[in-house]
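These notes are about the structure you will find just below.
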Amino acid sequence: MVIEVIRSDTKVKGFVEKGQPRIEVKSRIEANVGEMACHLDLTKTNSIAEIEKIASKRVQDLMNQTVSKVQKQYKVDIFGFGEAVHRANATAWKAWKKDWDAQFAKLPVDYKVEVKIRPFGYGQQFVLAGNEQGIKGQGLCGRYQVFFPS
Numbered sequence: 072m073v074i075e076v077i078r079s080d081t082k083v084k085g086f087v088e089k090g091q092p093r094i095e096v097k098s099r100i101e102a103n104v105g106e107m108a109c110h111l112d113l114t115k116t117n118s119i120a121e122i123e124k125i126a127s128k129r130v131q132d133l134m135n136q137t138v139s140k141v142q143k144q145y146k147v148d149i150f151g152f153g154e155a156v157h158r159a160n161a162t163a164w165k166a167w168k169k170d171w172d173a174q175f176a177k178l179p180v181d182y183k184v185e186v187k188i189r190p191f192g193y194g195q196q197f198v199l200a201g202n203e204q205g206i207k208g209q210g211l212c213g214r215y216q217v218f219f220p221s
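Numbering-wise (our numbering), the sequence shown opens with residue 72 and increments by one.
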């Protein structure tokens with residue numbers, strides 16, 4: 072399966088809850104289905120909804136894996152989460168600023184991903200194949216396996 076990404080918008084927001092920093096990442100992706108390996112009626116809303124659900128979950132998983140790896144392996148805030156926390160609460164940020172890398176390593180991050188599929192159109196190709204990791208299960212095309220590059 073190939074999904075053509077038409078546009079995407081990601082927002083990062085910082086919070087301070089119960090004296091601790093937290094990040095929320097919201098991503099909205101608008102895309103077309105470019106290629107399919109099975110015959111699927113994309114005019115049916117349940118077909119589109121299933122593709123959107125699978126793609127949203129996979130993008131969320133990839134975001135989580137990436138941030139978790141950076142937090143555990145590198146312990147450096149390359150995403151600018153500290154800036155988001157600073158904007159949310161400048162007073163609390165002053166206490167964490169000197170030791171932000173340690174705070175970042177244990178920072179909880181919540182993800183909200185919404186993929187919306189348009190039935191037809193053109194855009195950049197985002198290939199959902201070519202990686203040994205994927206989502207497997209039963210779906211619209213019988214057995215499916217959706218891949219995203221890492």
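Each residue gets a CB set at the ideal place from its N, CA and C atoms; glycine is no exception.
Can you list, in chain order, the residues of its chain whose CB lies under 6 Å from that of K97, leaving out five sequence neighbours each side?
Counting only Cβ-Cβ distances below 6 Å, and skipping sequence neighbours, we find K82 and K183.
Provide the residue span of the beta strand (DSSP E) that contains V96, from first to last.
Counting along the chain, the unbroken beta strand (DSSP E) around V96 starts and ends at Q91 to E106.
Return the first residue and the last residue of the alpha helix (DSSP H) that G151 is part of.
According to the DSSP assignment, G151 belongs to no alpha helix (DSSP H), since it is labelled neither H nor E.
Taking Cβ to Cβ, would you say V186 is nearer than 8 Å to V130?
Taking 8 Å as the Cβ cut-off, V186 and V130 qualify as a contacting pair.
Simplified DSSP state of V244, which is helix, strand or coil
Any property of residue 244 remains undetermined from this structure, which presents the chain solely from 72 to 221.
Please classify Q144 as buried or exposed, where buried requires at least 16 other C-beta atoms within 10 Å of its C-beta.
So Q144 counts as exposed.
For a test of the three-state rule: what should DSSP assign to V147, helix, strand or coil?
In the structure shown, V147 sits in coil (DSSP, three-state: anything other than H, G, I, E or B).
Nearest-angstrom Cα separation, counted from A108 out to D148
Distance between the alpha carbons of D148 and A108 is about 39 Å.
What's the gap between the Cα of D172 and the Cα of L178?
Rounded to whole angstroms, D172 to L178 spans 10 Å at the Cα level.
Give me the Cβ distance between Q142 and P92, rounded to the nearest whole Å; I'm assuming they're in contact under 8 Å.
Not a contact, Cβ separation roughly 13 Å.
Which word fits S127, buried or exposed, when buried means at least 16 other C-beta atoms lie within 10 angstroms of its C-beta?
The residue is buried, with at least 16 neighbouring Cβ atoms inside 10 Å.
In chain order, what residues of the same chain lie with their CB nearer than 7 Å to the CB of E88, ignoring the 5 residues before and after it?
Taken in chain order, the list of residues that qualify is empty.
In the DSSP output, which residue or residues are listed as bridge partners for E185?
R99, per the DSSP bridge assignment.
Assuming S224 and I94 form a contact by the criterion Cβ under 8 Å, report the distance between their Cβ atoms to the nearest whole angstrom.
Outside the modelled stretch of the chain, which goes from 72 to 221, sits residue 224, for which no answer is possible.
Would you kindly report the start and end of the unbroken alpha helix (DSSP H) that includes D172?
First-last of the alpha helix (DSSP H) with D172: W171 to A176.
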